[in-house]
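Trainee:
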Amino acid sequence: MIFLSYLGVVWLVIALVVFFATCIGALLQPLLQGNRAENFEQPPVTAVMPIKLEHSGFATAQASIYGQDYPEYEVLFSAAEAGSPALETALALKMGHPQVPTRILRSQSDFAVSPKLNTLDAPLSASSHDYILVKDSNIILEPDTLAAFMRNFAPGIGMVVGVPIAEQAYSLAGHIEAVTINAHARLLLTASALGFGYGVGKVMLFRRSDIARAGGIDAMSYTLAEDTAIAKGLDAVGLRTVFAHRPLRQLIGWRTLREVYDRQVRWSVIRHTHEPLTFPLEPIVSPLPTALAAALAAPVLGMPAIEAFAMTLTGLFAAETGLSWLKGWHVSRYAPLAFLGRELLTLAAWLRAWTTNDVVWQNGRFDVFVGARAPRAQKLALQPETSVRERI
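Plus 918 on top of the position in the sequence shown (first one is 1) and you've got my numbering.
(1) Just to confirm the assignment, what range does the alpha helix (DSSP H) spanning W1185 have?
(2) On the three-state DSSP scale, how would you describe G1289?
(3) Using a 10 Å radius around the Cβ and a threshold of 16 neighbouring Cβ atoms, would you call L922 buried or exposed?
(4) What alpha helix (DSSP H) runs, 4 residues minimum, are completely inside the region 1221-1256?
(5) Tell me, please, whether the region 929-949 touches the region 1197-1213 by the rule of three or more beta-carbon pairs shorter than 8 Å.
(6) State buried or exposed for M1122, treating a residue as buried only when at least 16 other CB atoms are found within 10 Å of its CB.
(7) Flag G975 as yes if its beta-carbon sits less than 8 Å from any beta-carbon of chain B, otherwise no.
(8) Can the beta-carbon of A1030 be found closer than 8 Å to that of S1139?
(9) Roughly how many angstroms lie between the CA atoms of L1241 and P1254, to the nearest whole one?
(10) Assign T1098 to buried or exposed, taking buried as 16 or more other Cβ atoms, counted over all protein chains shown, within 10 Å of its Cβ.
(11) Relative to the C-alpha of R1260, which residue among F1227, E1193 and L1175 is closest?
(12) Quick one, are the C-beta atoms of T940 and R1104 less than 8 Å apart?
(13) Expressed to the nearest angstrom, what Euclidean distance is found between the alpha-carbon atoms of Y1116 and T1146?
(14) What did DSSP end up calling R1125 once you bin it into helix, strand or coil?
(15) Whose CA, out of T1232, I1057, L1231 and W1243, lies closest to the CA of A977?
(16) Out of G1134, A1228, H1190 and Y1049, which one is the CA nearest neighbour of W1272?
(17) Check this for me: beta carbons of L1263 and Q1182, under 8 Å apart or not?
(18) State buried or exposed for E863, treating a residue as buried only when at least 16 other CB atoms are found within 10 Å of its CB.
(19) By a C-beta neighbour count over all protein chains shown, 10 Å radius and 16 as the cutoff for buried, is N1100 buried or exposed?
(20) Cutting at 7 Å between CB atoms, please list the residues of its own chain near R1158, excluding the five before and the five after it.
(21) What is the rounded straight-line gap between the Cα of S1002 and the Cα of A1072?
(22) Got a sec, what are the start and stop residues for the beta strand (DSSP E) L1023 sits in?
(23) At 4 residues or longer, what runs of the alpha helix (DSSP H) sit wholly inside the region 986-1010?
(24) Please classify I932: does DSSP put it in a helix, a strand, or coil?
(25) Give me the DSSP bridge partner(s) of W1172.
Rendered as structure tokens:
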């Protein structure tokens, strides 16, 4: 038993050092990465907007691309389905912003495991520019986001991505997802402060010519995690991925516990398959296992186990909440419940990832390494004078 107590002490010390180090890293990242952002050129950009489902805040998030303080860019919406209501919204946005060249494409490719990568096929071929910005439909861009991302595109960089910060959650499950995303943000910001970057696909800026050097998107079609595949493909040709010094606003909206759990399992399975060395260490940065370690260490610390557990968990919650306040991230009245729910849900998802490669995405079930690889379909560009439902 004394061995377990000393093991608990070791875990507790390591976990607390890592936790507070990541808090410091998250606070310093904007300054450190901002100093590295030395590219002030602003070449023309094609903004690619893959769309599928129309969710709460969809129109607001998509409209944010038209407010960029940037000299020249075009917008390409791309969808696989012909009947999505999201296409009608895209057409309305196109008509409402005639000052920005906009096209709506149908990408019916089926060569990649990732549906998102299939949806990117047509706009990558149709793009007028070499620089490509890919934006998910639940991300709101600030007016300077595109310019900020381009500033980070220094020599030797192959892709610039952003750290999403959650906002506008409308259910307890949504708040659980929000605190989960923001906990990941703390880790990603610290990695960025240390000079590391990973494929995070909420917003990606890369060059089409660099993708071609890395073998094209066909070479990145082997996994559901297209952002990871792109980052690894670019790394193979000597180009790094970095996080921008500006974070991203991710809309959460209404969520169910099942949706949040399925999403966490998907991310956990992807990390398990693509980051096998670091995935087993993830519980070290989680407050619940740290509190359990404190309970084990209680005899050495000279206090009751339940007291050590409660003090550690409460202290980590307070520190995490304080960091959110300092960073200007939203802290809801549901924060204590969301914090506890996140700890239970993410631990369950982490355990599940050891036993499966099956994940749920966009109401469909996928294996992270299995998907149809059919010949590419014809791409269809829509004309503005004809309705979406008639031409797509």
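Quick reminder that beta carbons are idealized off the backbone N, C-alpha and C, glycines included.
Mentor: Per the coordinate set shown:
(1) Where W1185 is concerned, the enclosing alpha helix (DSSP H) stretches over L1175 to H1192.
(2) Any reading at G1289 is ruled out, since the residue's pLDDT is 46, under 50, leaving its predicted position unreliable.
(3) Under this definition L922 is an exposed residue.
(4) Runs found: 1223-1245.
(5) Below 8 Å, enough C-beta pairs join the region 929-949 and the region 1197-1213 to call them touching: three or more.
(6) With 16 or more Cβ atoms within 10 Å of its Cβ, M1122 is classed as buried.
(7) The question asks about chain B, but that chain is absent: this structure has only one protein chain.
(8) Contact flag set, yes.
(9) Straight across, the Cα-Cα distance linking L1241 with P1254 is about 15 Å.
(10) It counts as buried.
(11) Closest option to R1260, Cα to Cα, is L1175.
(12) Contact flag set, yes.
(13) Distance between the alpha carbons of Y1116 and T1146: 7 Å.
(14) Note: R1125 maps to strand in three-state DSSP.
(15) Minimum Cα distance to A977 is reached at I1057.
(16) Taking only the C-alpha atoms, the option nearest W1272 is H1190.
(17) In this structure, Q1182 lies closer than 8 Å to L1263 by Cβ.
(18) The question about residue 863 has no answer here: the residues shown for the chain are numbered 919 through 1310.
(19) Classification of N1100: buried, given that the 10 Å Cβ count is 16 or more.
(20) Once the five neighbours on either side are set aside, the close Cβ partners of R1158 are G1074, I1075, G1076 and G1115.
(21) About 38 Å.
(22) In this chain, the beta strand (DSSP E) harbouring L1023 covers T1020 to R1024.
(23) Unbroken alpha helix (DSSP H) stretches of 4 residues or longer found wholly inside the region 986-1010: none.
(24) Looking at I932 - three-state DSSP - the assignment turns out to be helix.
(25) W1172 pairs with nothing; no bridge assigned.
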